[in-house]
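Visitor: Using the working numbering, the letters of the sequence shown map in sequence onto residues 524 to 960. For each residue, glycine too, the CB sits at the ideal point set by N, CA and C. Dropping the structure in here first, questions after.
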Amino acid sequence: MREFFPKVKKILYKGPKSKDPLSFKHYNPDEKVLGKTMAEHFRFSVCYWHTFKGTGADTFGGPTFIREYNNSSDPMQVAEMTLRAAFEFYTKLGVGFWCFHDRDVAPEGRHLSQTNANLDKIVAMARKLQRDTGVRCLWGTANLFSNRRYLAGAATNPSPHVFAYAAAQVKKAMEVTKELGGAGYVFWGGREGYETLLNTDMKRELDHLGQFLHMAVDYKKKIGFRGQFYIEPKPKEPTKHQYDSDAGACYAFLQKYDLVDDFKLNVEANHATLAGHTFHHELEFAAANGILGSIDANRGDLLLGWDTDQFPTDLYDTTLAMYVLLRYGGFKTGGLNFDAHVRRQSIDPEDLFHAHIGGMDAFARGLKIAANLVRDKALSKFVAARYKGWNTGLGRKIEKWQMDFKKLEKYTLANGEPEVQSGRQELIENVLNEYIK
Ligand code: XUL
Ligand code: CO
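Written out as structure tokens, the structure is:
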């Protein structure tokens, strides 16, 4: 079998002292942390679009990466070689999952039926590769944003014909995700938003999006696809404003359109910061409302205002993400998908390995630190102390709905001025720093 990454052997855990850049220093898949192995905690996934279809191109210049698997003028041959390279990569890296868009894996044909036939051919190959390697599909999705027809959105397009095309595409993408045993299916509203309100009927567009997602739920039931549906919040880019702007907006949308039982969120780090939130905030909001499903792991650049999708290396971010996950019981259907790409100058195939190894090690360190925080109640004891008034007396009565405004006024008149307490922010930040090692 032809190898596409001949310089790289299986990546092994060699411990923190290892000087081998192609080894894990912290991610040890079989090591147990709080009762589960690291592999079970993370359910790491590699994304197809950035890792195998990324070219290094940016707005100012064309491709910089030269890949062996791209070396053919026949798009289907490229698709087949790329798929083989991808499964070689997953196996050598030792991840259990992969994620894809329909158009990442197979090229579009002249019309939809040709496109679907291309997809079927590649999906049959992928099924076999999954069986041979044991690598599974975390989620599939449809690319409803690259083709010219989607310039004004897909489900929120002013044209019902485009809405129909998008439905046909999602129908097929769901079918192939089911065929691959996908644990989930993602809806990222790539262009579901607007460039200017001056030409936009916002209410109608939102209603159409709600209707589209209901049709997807109906079809899911019809074909017996058991994967979890996710919405992936992102506030802008490519459009000026996207309707799924953050976890809060998604939750309100799902509730309004009666979709909350059928969807969870796929929270992405760089999308959180674009929305003016921390990754921690978006995860905590989603988890607290019971809709945290999966994670797209990456990182932005504080000095740049766009979605740079860099590999995660920040230990505060990975620690706090794992701290949320641990406290809310971890992934069920979801996993940690690296929706991240190497920089334009990182042109060697080995750079793809360095990037993923770094991300996996950063999360492994984050997990261990978060487990120590949980075990020692290092942060939660401050939170518990801060809210202890709600466990007895007045607080307990309020939470049990035994009080109303009149009774609260009576209490206040009888008890005078409330005591105030320190929030201890600096102390708690110091405690967190003691754990980050
Ligand atoms: C875009 C993005 C997507 C989704 C899948 O910013 O994150 O790649 O994850 O469509
Ligand atoms: Co993403």
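In terms of residues, what are the limits of the beta strand (DSSP E) holding F504?
Guide: Examination of residue 504 is not possible in this model, given that the chain is present from 524 through 960 alone.
Visitor: Suppose you measure from the CA of R654 to the CA of G704; what does that come to, to the nearest Å?
Guide: Along the sequence shown, read from residue 1 onward, the residue named residue 654 stands at position 131. Along the sequence shown, read from residue 1 onward, the residue named residue 704 stands at position 181. Each residue's alpha carbon lies about 11 Å from the other.
Visitor: Which value, in whole angstroms, describes the spacing of the CA atoms of N680 and T762?
Guide: Taking the sequence shown and counting its residues from 1, the one referred to as residue 680 is at position 157. Taking the sequence shown and counting its residues from 1, the one referred to as residue 762 is at position 239. Their Cα atoms are separated by approximately 13 Å.
Visitor: Please state the DSSP three-state secondary structure of D871.
Guide: The count along the sequence shown starts at 1 and reaches residue 871 at position 348. Coil, per DSSP.
Visitor: Closest to N812 by CA distance: which of C773, Y742, N593 is it?
Guide: Counting from one through the sequence shown, the residue named residue 812 turns up at place 289. Looking at the Cα atoms, C773 is the closest of the given residues.
Visitor: Using beta-carbon positions only, say whether G508 and F786 come within less than 9 Å of one another.
Guide: Examination of residue 508 is not possible in this model, given that the chain is present from 524 through 960 alone.
Visitor: Can you name the start and end residues of the alpha helix (DSSP H) that G916 belongs to?
Guide: The residue given as residue 916 occupies position 393 in the sequence shown. Counting along the chain, the alpha helix (DSSP H) containing G916 begins and ends at 916 to 922.
Visitor: Please name the residue or residues paired with H624 in a DSSP beta bridge.
Guide: Counting from 1 along the sequence shown, the entry for residue 624 is found at position 101. H624 is bridged to T664.
Visitor: How would you label K865, buried or exposed, when you count the other beta carbons within 10 angstroms and need 16 or more for buried?
Guide: Translated into positions along the sequence shown, residue 865 becomes position 342. Lys is not the amino acid found at residue 865; the sequence shown has Val there. Buried: at least 16 other Cβ atoms inside 10 Å.
Visitor: Return yes when at least one heavy atom of ligand 1 lies under 8 Å from the C-beta of G939, else no.
Guide: Here residue 939 is taken as the residue at index 416 of the sequence shown, counted from 1. Flag unset: Cβ of G939 not near ligand 1.
Visitor: Cβ of H794 within 8 Å of any heavy atom in ligand 2?
Guide: Taking the sequence shown and counting its residues from 1, the one referred to as residue 794 is at position 271. Indeed, a heavy atom of ligand 2 lies less than 8 Å from the Cβ.
Visitor: What residues sit near ligand 2, counting only those whose C-beta is closer than 5 Å to one of its heavy atoms, in chain order?
Guide: Spelled out in chain order, the answer is E791, D819, D862.
Visitor: How is D899 classed by DSSP in three states: helix, strand or coil?
Guide: Within the sequence shown, the letter at position 376 stands for residue 899. Helix, per DSSP.
Visitor: Expressed to the nearest angstrom, what Euclidean distance is found between the alpha-carbon atoms of F579 and V658?
Guide: Taking the first residue of the sequence shown as 1, we reach residue 579 at position 56. Taking the first residue of the sequence shown as 1, we reach residue 658 at position 135. First, the amino acid is wrong: residue 579 is Gly here, not Phe. The straight-line gap from Cα to Cα measures roughly 26 Å.
Visitor: In the DSSP output, what is Y935 paired with across the bridge?
Guide: What you label residue 935 is simply residue 412 of the sequence shown in a count that begins at 1. A quick correction: the sequence has Thr, not Tyr, at residue 935. DSSP lists no partner for T935.
Visitor: Ligand 1 and G857: does the residue's C-beta get closer than 8 Å to at least one heavy atom of that ligand?
Guide: Looking up residue 857 in the sequence shown gives position 334. No, since every heavy atom of ligand 1 falls outside the 8 Å radius drawn around the Cβ of G857.
Visitor: In whole angstroms, what is the alpha-carbon distance linking R850 and G676?
Guide: The residue you call residue 850 lines up with position 327 of the sequence shown. The residue you call residue 676 lines up with position 153 of the sequence shown. For R850 and G676, the distance between alpha carbons rounds to 37 Å.
Visitor: Inspect the CB distances between the stretch 861 to 877 and the stretch 797 to 805 and report whether three or more fall short of 8 Å.
Guide: The stretch 861 to 877 is not in contact with the stretch 797 to 805.
Visitor: According to DSSP, is P945 helix, strand or coil?
Guide: In the sequence shown, residue 945 corresponds to position 422, counting from 1. Strictly speaking, residue 945 in this sequence is Ser, with Pro absent from that position. Three-state result, S945: coil.
Visitor: Which of helix, strand or coil does DSSP assign to F925?
Guide: Counting from one through the sequence shown, the residue named residue 925 turns up at place 402. Checking the displayed sequence, the identity of residue 925 turns out to be Gln instead of Phe. The answer is coil: DSSP assigns Q925 none of H, G, I, E or B.
Visitor: Any heavy atom of ligand 1 closer than 8 Å to the CB of C570?
Guide: Residue numbering aside, residue 570 sits at position 47 when the sequence shown is read from its first letter. C570: yes, Cβ under 8 Å from ligand 1.
Visitor: Would you check whether ligand 1 has a heavy atom nearer than 8 Å to the C-beta of K757?
Guide: One-based indexing of the sequence shown puts residue 757 at position 234. Yes.
Visitor: Report all residues from its chain with a CB closer than 6 Å to the CB of I514; omit the five preceding and five following residues, and keep chain order.
Guide: The question about residue 514 has no answer, for the chain in this structure spans 524 to 960.
Visitor: Could you tell me the distance, in whole angstroms, from the CA atom of D597 to the CA atom of K542?
Guide: As a working note, residue 597 is residue 74 in the sequence shown. As a working note, residue 542 is residue 19 in the sequence shown. In a straight line, the C-alpha of D597 is about 41 Å away from that of K542.
Visitor: Which same chain residues end up closer than 6 Å to F467 when comparing Cβ atoms and leaving out the 5 residues on each side of it in sequence?
Guide: There is simply no residue 467 to check, as the chain begins at 524 and stops at 960 in what is shown.
Visitor: Grab the span of the beta strand (DSSP E) containing G771 for me, first residue to last.
Guide: Counted from its first residue, the sequence shown places residue 771 at position 248. Where G771 is concerned, there is no enclosing beta strand (DSSP E), although the alpha helix (DSSP H) it sits in stretches over 770 to 779.
Visitor: Thinking C-alpha only, which one of R822, Y717, S546 is nearest A963?
Guide: Because the chain in this structure spans residues 524 to 960, residue 963 falls outside the shown range and cannot be described.
Visitor: So, for Y742: in the same chain, excluding its five sequence neighbours on each side, which residues have a beta-carbon less than 7 Å away from its beta-carbon?
Guide: What you label residue 742 is simply residue 219 of the sequence shown in a count that begins at 1. These residues qualify, in order along the chain: K694, M697.
Visitor: Using C-beta distances below 7 Å, list every residue in its chain close to L732, excluding the 5 sequence neighbours before and after it, in chain order.
Guide: For the purposes of this step, residue 732 is taken as the residue at position 209 of the sequence shown. The answer, listed in chain order, is A678, T679, E715, Y766.
Visitor: To the nearest angstrom, report how far apart V847 and G946 are at their CA atoms.
Guide: Walking along the sequence shown from the start, residue 847 turns up at place 324. Walking along the sequence shown from the start, residue 946 turns up at place 423. The alpha-carbon atoms of V847 and G946 are separated by roughly 20 Å.
Visitor: By Cβ distance, which residues of its chain are closer than 6 Å to T831, with the 5 residues on each side in sequence left out?
Guide: Position 308 of the sequence shown, counted from the start, is the residue given in the question as residue 831. Around T831: G823, D824.
Visitor: DSSP beta-bridge partners for Y753?
Guide: As a first step, residue 753 is located in the sequence shown; it is residue number 230 there, counting from the start. Answer is V709, K787, bridged to Y753.
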